[in-house]
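Written out below as structure tokens is the structure these notes cover.
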Amino acid sequence: MQVSVDRDRCCSSGMCVLNAPDYFEQDDRDGLVRLRETAFRSERSADLRLAAELCPSGAILITEDDDPAAA
Ligand code: SF4
């Protein structure tokens, strides 16, 4: 699993920080999302999926390792 964020789309809602605080944080200056970690543990994937699902701007992209588009 790979996770990326598009700061150009982020609207600083903070939903991802509420749902997956181990992985997301907001920039102190502008409130835009930042990834805290780049290594994602599979047992926490539910948090990441929920964060992506609830992001109001669609700024969180999850790519599965077995996704041929990710190769
Ligand atoms: S939930 Fe989406 S819009 Fe809100 S801070 Fe996180 S990435 Fe940005």
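Take 17 as the starting number for the sequence shown in my numbering and just add one per residue.
Where is the CB? At the ideal position from N, CA and C, for every residue including glycine.
This one's a predicted model, so the numbers in the text were calculated from it and none came from an experiment.
When you compare only the Cα positions, how much space is there between residue i and residue j?
i, j, result
"residue 60", "residue 27", "24 Å"
"residue 89", "residue 58", "The question about residue 89 has no answer here: the residues shown for the chain are numbered 17 through 87."
"residue 20", "residue 78", "7 Å"
"residue 44", "residue 65", "24 Å"
"residue 69", "residue 62", "10 Å"
Any heavy atom of the ligand FAD closer than 7 Å to the CB of residue i?
i, result
"residue 73", "The ligand FAD is not among the ligands present in this structure, which contains only the ligand SF4."
Might you give, ordered along the chain, the residues of its own chain that have their beta carbon closer than 7 Å to the beta carbon of residue i, omitting 5 neighbours on each side?
i, result
"residue 6", "In the structure as shown, the chain begins at 17 and stops at 87. Residue 6 is therefore absent and cannot be evaluated."
"residue 72", "27, 29, 31"
How should residue i be labelled, buried or exposed, when 16 other C-beta atoms within 10 angstroms of its C-beta is the threshold for buried?
i, result
"residue 36", "buried"
Spatial neighbours of residue i within its chain, please: C-beta separation below 6 Å, excluding the five flanking residues on both sides.
i, result
"residue 38", "none"
Please return the same chain residues whose Cβ sits closer than 8 Å to the Cβ of residue i, not counting the five positions on each side in sequence.
i, result
"residue 67", "31, 32, 35, 36, 39, 40, 76"
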